[in-house]
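Engineer: In the numbering used here, the protein residues as written are 109 to 220. Backbone N, C-alpha and C fix where the C-beta goes; we use that ideal spot for every residue, glycine too.
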Amino acid sequence: MGTVTPLPIGRPSQVGFERIELTRILDLYGRMVAAGHWKDYAIQFDGEAAMFAAFRRAAERPEYRIEKRPALRNRQGMWALVNEAGMILKRGHELGPVLAPVERRLMKLVGE
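Structure representation (structure tokens):
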């Protein structure tokens, strides 16, 4: 017979997005692409954070990064919206309010 390997106990080795979170982020990304503003994206997963970066052009720094850091869940909130310069624009416990500044910008882009 084979050997039984126990499941890891404790914190997962990699932070990721849940399906509903990724759906919400990709929905916003798709609307920004349709508006002609974003052209590319990147997703990074590691032990402390999961990050979604949106680019105006593929050869530059991301315009926005959406970060999920579960270690900050009980402090400022695990979600953060970071701009191109690395400044945190919005931090919160839920994804919707953190994405609000980008959604407002989308409304301005579509209205023009």
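#1: So, with DSSP's three-state summary, where would you put residue 140?
#2: Tell me the DSSP secondary structure of residue 192 in three-state form.
#3: Check the DSSP bridge columns for residue 159 and list the partner residues they point to.
#4: Here's the rule: buried if 16 or more other CB atoms are within 10 angstroms of the residue's CB, otherwise exposed. What is residue 170?
#5: Considering only residues of the same chain and omitting the five flanking positions on each side of residue 191, which have a CB-CB separation below 7 Å?
#6: Can you tell which of 153, 181, 159 and 148 has its C-alpha closest to the C-alpha of residue 165?
#7: Give the straight-line distance between the Cα atoms of residue 138 and residue 211, rounded to the nearest whole angstrom.
#8: So if DSSP puts residue 132 in a beta bridge, which residue, or which two residues, is it bridged to?
Structural biologist: Reading off the structure:
#1: Helix, per DSSP.
#2: Reduced to three states, the DSSP call for residue 192 is coil.
#3: Partner residues in the beta bridge of residue 159, as assigned by DSSP, are 152 and 175.
#4: It is buried - the Cβ of residue 170 has at least 16 other Cβ atoms within 10 Å.
#5: Cβ neighbours of residue 191 beyond the five flanking positions: 172 and 197.
#6: For the residues 153, 181, 159 and 148, the minimum Cα distance to residue 165 belongs to 148.
#7: Going from the Cα of residue 138 to the Cα of residue 211 covers about 12 Å.
#8: Its beta-bridge partners do not exist; DSSP assigns none.
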